[in-house]
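Numbered as in this note's numbering, the sequence shown ends at 336 without a single skipped number. Right, one structure below, let's go through it.
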Amino acid sequence: MIDTRMDRRALMLGALATGGALWSGVAQAAPFASRRIAMNIRGEGGDVVLIPGLASGPGIWNGVLGGVPGYRYHLVHVRGFAGLAAEANASGGLLQPIADEIARYIAAAGLKRPAIVGHSMGGTLAMLLGLKGLANRVMVVDMLPAGAAMVGGTASGMGFLADQLSGYLTGTLAGRRYLAQMVAQTPGARGSDPDVIANALRDLANIDLAPQLPRLAAPLEVVYAVGSDAGQAAAITSRFRAAYAPRKATLLKAIGPSGHMVMGDQPARFNAVLKDFLQG
């Protein structure tokens, strides 16, 4: 049963870190080498870049690969997440360097402004790539422009706290034990590097893309999860509308009842929305 009363204040340390363990099948490796991301290609057709969220691997898109055929999907796997060694992601900033590497892949693969779809942290990356002018259209799945807003805060208010939290999680025995336990118990996060997760949380808490959204020229669609409780759903809808208000042309669509993993909780509805999005 879907928990429609999930505490969205726990997303940054729990619900964001889901998915990634289900991806299977033979993948065709792209001619691209990176110490920050691994890329695989599935299918034939128009180009779509799929970016998973925090601690997730490409497995979160399993239902999309079979449910929305007719596209060439470029699956991003962030190193340090879902079984890949951290390599260059082991320390330092993550979001901007990963966005830069995905941009380098788009250029190396000769993609001409593909559609870019990102879930959670992947949604932040999708917006960063859209702001670079690399996308034909952008879909963000259950993510706000400010990562801190997902837990009820702001980048200015939580930045210092995020830095302290990152240090606690990576620099103390108790913190590392807690983060390792979270990784072990969260579906899809197994095999993820605690240091990479902590650094990603710090970056997410410090970023706010809302002021930049008006200059995102590509069509932007935001799919967000709501529960079955009407009051909760209304509050979430209000939060998303306010957050994306700086970009007036943004299309927002709620899917529920669902938790954070919309594509897993409501695959048929999500695939229908994605199909319409990709068809333009």
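Ideal placement from N, C-alpha and C gives every residue a C-beta, glycine not left out. Quick caveat: nothing in here was measured; it's all calculated off a predicted structure.
Task: Sequence-distant residues of the same chain with beta carbon closer than 6 Å to Leu-184, five excluded per side - done: Ala-155
- [ ] With DSSP collapsed to three states, give me the class of Asn-192.
- [x] coil
Open item on the list: Does Lys-331 come out as helix, strand or coil in the three-state DSSP assignment?
Closed with: helix
Task: DSSP-derived helix/strand/coil call for Val-132 - done: strand
TODO: With a 10 Å radius around its C-beta and 16 neighbouring C-beta atoms as the bar for buried, classify Pro-125 as buried or exposed.
DONE: exposed
- [ ] Give a yes or no on contact between the segment 186 to 206 and the segment 248 to 264, applying the rule of three or more CB pairs nearer than 8 Å.
- [x] yes
TODO: Using DSSP bridges, identify the partner residues of Leu-308.
DONE: Val-278
Open item on the list: Report the CB separation of Pro-250 from Ala-230 in whole angstroms; it is logged as a contact under 8 Å.
Closed with: Not confirmed; about 13 Å, so no contact.
Open item on the list: Taking only three categories from DSSP, how would you classify Ile-263?
Closed with: coil
- [ ] Kindly indicate the opening and closing residues of the beta strand (DSSP E) around Arg-246.
- [x] Careful: Arg-246 lies outside any beta strand (DSSP E) and carries neither H nor E.
Task: For Asn-118 and Gly-336, the rounded distance between their alpha carbons - done: 22 Å
Task: Residues near Ser-314 in its chain [Cβ-Cβ closer than 6 Å; skip 5 each side] - done: Ala-281, Asp-321 and Gln-322
TODO: Tell me whether Asp-259 is buried or exposed, calling it buried when 16 or more other Cβ atoms sit within 10 Å of its Cβ.
DONE: buried
- [ ] Determine the direct distance from the alpha carbon of Val-252 to that of Ser-212, and round the result to whole angstroms.
- [x] Any answer about Ser-212 is weak, because its pLDDT of 49 lies below 50 and its placement is not dependable; what the coordinates show is given next. Taking the straight line joining both Cα atoms gives about 22 Å.
TODO: May I have the straight-line CA-CA distance separating Ala-171 from Gly-178, to the nearest angstrom?
DONE: The straight-line gap from Cα to Cα measures roughly 13 Å.
TODO: With DSSP as the reference, please indicate the residues paired to Tyr-127 in a beta bridge.
DONE: Gly-102
Open item on the list: Give me the residue from Ile-107, Val-278, Gly-102 and Phe-88 with the minimum Cα distance to Ala-298.
Closed with: Val-278
Open item on the list: Beta-carbon within less than 6 Å of Gly-136's beta-carbon, same chain only, minus the 5 sequence neighbours each way: which residues are those?
Closed with: Ala-142, Asn-145, Asp-249 and Val-252
Task: Span of the beta strand (DSSP E) around Ile-48 - done: Given a span of 57 to 336 for the chain in the structure shown, any question on residue 48 remains unanswerable.
Task: Cβ shell of Arg-160 (< 7 Å), same chain only, five flanking positions each side left out - done: none
Open item on the list: Using C-beta distances below 6 Å, list every residue in its chain close to Val-105, excluding the 5 sequence neighbours before and after it, in chain order.
Closed with: His-130, Pro-170 and Ile-172
- [ ] Would you mind reading off the limits of the alpha helix (DSSP H) that contains Ile-162?
- [x] 151 to 164
Task: Rounded separation between Asp-332 and Arg-91 - CA only - done: 34 Å
Task: Cβ-based burial, Glu-100 [other Cβ within 10 Å; buried from 16] - done: exposed
Task: 6 Å Cβ shell around Ala-111 - same chain, five flanking residues per side excluded - done: Ala-73, Phe-137, Ala-245, Ser-248 and Ile-253
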